[in-house]
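Structure first, commentary second.
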Amino acid sequence: DSEARARVVAQDLQNVMHPIVQHRALEKSQMVVTGAQGSTIVDADGTTYLDAMAGLWCVNIGYGRAELAQIAAEQMQAMAYYPHTAMNLPAAQLGEQINTLMGGDYHTYFVNSGSEANEAGFKIARQYAKHEFPGEFRYKTISRYFSYHGTTLGTLAAGGMGERKTKFEPYDGSFVHVPAPTCYRCPLGLESGKCGMACAKLIETTIQGEGPQTVAEVIVEPIMSAVGVAVPPDGYLETVQEICRKYDVLLHVDEVINGFGRTGKMFAHQHWNISPDIMAVAKGIVSAYLPIAATVVKNKVFESFLGEVAEARQVMQVNTYGGHPAAAAVAVRNIEIMLEEKLPERAATMGAYLMDGLKDRLFRHGITGDIRGKGLLIGIELVTDRESKVQLDGKLVQGVVEFCKANGVIVGRSGGGARHSNTIVLSPPLVITRGECDTLIEVLDKALAEAAAKAKP
Ligand code: PLP
């Protein structure tokens, strides 16, 4: 009721600091989420929204699965916590599930967030290099401009998303950047399909320039998400892997958003012919029912951490909550549900349905520059006109997000500074229905019509 809502709002505004959202905006919207089911969330005043972002790209199996609450409760009664310096059943099961999904050549290190999964990846790559290349000093990570790998200083240094990064400079010199395959706006000014994969090849130049004996790994998000959904051309990831292999550099994929069915396969890198050495997962691993994430490493890397006690080759890091039994138990059931309900396949078919509908309806507006994606990870890039590709004014892009919300649909917007913040992004729960896709298309159509009218000179 409105009194209870007012209490929460007052209590929150007095005491709580929120991520990324402006406090003044939150004060105005007073959004308090009190319930959620399937792809729908409910505000304290009873307003319902179709959540086409699945929270923060994460509630892959949809909201409101009561059985997961039951599983968490049972595990907490049986054994709520003991550090993962010992073994526990749910974490062992989860490790086995992930290894099976990856084809059987991997071990998993458990952490609590996507950022931490990537950080652990950086550290594992460095420690691996210390073991394997004792005469060298391989510590650098090569990453792409405009990528997002997390919110900690290390992952921010790896990424490159406008103010989210620049406000915290300087960073240390371990992270070296190359251009990303954001083909609609090729950073090298080349024509898609005729570029000879020049941006991938620059990774080789970079390794040579930095000195191979200083480079530990290359990190890529197979399909870049936050920058506005950039699907690499076929052959890009294979070329990156080939270069990595040539110089004994590990290939680290960030599947924090891409993973667990989002793009129509269990992991996005499985769309291409690559086999990562390190993989960071979070979000969909547990559909955000509890916090758990993981750094998955190929056995060749894992085996480097074996050895006699005196060698001190063990993983030189620890986190209190890693392998948390309740979170792991929920993640195990989450993955079972994905397999039982064939949610990756569903993401492929429903994603194709949504994509067709979006292309059919939205390209009627001159401000629709590009619609791209894979499975249920989609970006709609807005421009002043298709010919010039000039980015649509940020206020109008934000206006689309707000129009959708006022009409009961939550969509996202890309980040990445002036170059890349004009894309509407969609990442709904994988259980989204056809009817909900139709609603999403309908509302976006109206939102773009309004933005297009405002954009007229
Ligand atoms: N990597 C990618 C690709 C992400 O999109 C995110 C978060 O959105 C992260 C890492 C960081 O995950 P977390 O917010 O759980 O730390």
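Start counting the sequence shown at 8; every next residue gets the next number (UniProt numbering).
Think of the CB as a built atom: it goes at the ideal place given N, C-alpha and C, for glycine as much as any other residue.
This one's a predicted model, so the numbers in the text were calculated from it and none came from an experiment.
Asked                                                                                                                                     : Found
Report yes or no: do three or more beta-carbon pairs, one from the stretch 210-230 and one from the stretch 252-268, lie closer than 8 Å? : yes
Hey, V397 and A454: beta-carbon distance below 7 Å or not?                                                                                : no
The ligand PLP and A289: does the residue's C-beta get closer than 6 Å to at least one heavy atom of that ligand?                         : yes
Quick check on A317: buried or exposed, where buried means 16 or more other Cβ atoms within 10 Å of its Cβ?                               : exposed
Taking only three categories from DSSP, how would you classify E176?                                                                      : coil
Any contact between the stretch 390-405 and the stretch 440-453? By contact I mean 3 or more CB pairs, one from each, below 8 Å.          : no
Residue ranges of each beta strand (DSSP E) run of no fewer than 3 residues wholly in the stretch 30-93, ordered along the chain?         : 40-44, 47-50, 55-58
Suppose you measure from the CA of I214 to the CA of Y254; what does that come to, to the nearest Å?                                      : 8 Å
Alpha helix (DSSP H) containing V360: first to last residue?                                                                              : According to the sequence as given, residue 360 is Tyr; it is not Val. Run containing Y360: 350-369, per the alpha helix (DSSP H) assignment.
How far does the beta strand (DSSP E) with L389 in it reach, from first residue to last?                                                  : 384-389
Which of the three DSSP states is assigned to M345 in this structure?                                                                     : helix
Thinking just about the alpha-carbon of each residue, which of V39, A207, R31, Q29 is nearest to the one in V15?                          : V39
Is D8 buried or exposed, if buried means 16 or more other CB atoms sit within 10 Å of its CB?                                             : exposed
Could you please give me the residues that DSSP links to D377 through a beta bridge?                                                      : E388
Count the other CB atoms within 10 Å of the CB of N119; is the residue buried (16 or more) or exposed (fewer)?                            : buried
With DSSP as the reference, please indicate the residues paired to M286 in a beta bridge.                                                 : V260, V303
Less than 6 Å separating the Cβ of D8 from some heavy atom of the ligand MN?                                                              : Judged by which ligands are present, the ligand MN is missing from the structure shown, whose ligands are the ligand PLP.
Taking D52 as the reference, give the member of V416, A124, G42, M60 with the closest Cα.                                                 : G42
Does the beta carbon of G157 fall short of 6 Å from some heavy atom of the ligand PLP?                                                    : yes
Three Cβ pairs or more, each shorter than 8 Å: is that satisfied between the stretch 289-302 and the stretch 119-128?                     : yes
When you compare each of H184, V234, L244 to G216 by their alpha carbons, which one comes out closest?                                    : H184
Counting pairs of beta carbons, one from the stretch 336-354 and one from the stretch 369-377, are three or more of them closer than 8 Å? : no
What are the start and end residues of the alpha helix (DSSP H) that includes R269?                                                       : Premise fails: R269 is in no alpha helix (DSSP H) and is neither H nor E.
So the candidates are E170, L244, I131, I68; which of them puts its Cα closest to the Cα of M323?                                         : I131
How big is the Cα-Cα spacing for residue 2 and G271?                                                                                      : Within the shown structure, residues of the chain are numbered from 8 to 464, placing residue 2 beyond reach of any answer.
Examine the ligand PLP and report whether any of its heavy atoms sits within less than 6 Å of the Cβ of V263.                             : yes
On a Cα-Cα basis, can you pick out the residue from T54, I105, R252 that is closest to R340?                                              : I105
Just the Cα atoms here: how many angstroms apart are T212 and V66?                                                                        : 39 Å
For a quick check, are the C-beta atoms of S46 and I439 less than 7 Å apart?                                                              : yes
I'd like to check one pair, T159 with E126: are the Cβ atoms closer than 7 Å?                                                             : yes
So what does DSSP say about T189, is it helix, strand or coil?                                                                            : coil
Pick helix, strand or coil for V28, following the three-state DSSP scheme.                                                                : coil
Compute the distance between the beta-carbons of L383 and P435, then report whether it is under 7 Å.                                      : yes
For N95, is the classification buried or exposed, using 16 other Cβ atoms within 10 angstroms of its Cβ as the cut-off for buried?        : buried
Sort R12, E34, D284 by Cα distance to Q248 and report the nearest one.                                                                    : D284
Find the nearest neighbour of H278 within the set G291, A17, E10, K381, judged by alpha-carbon distance.                                  : K381
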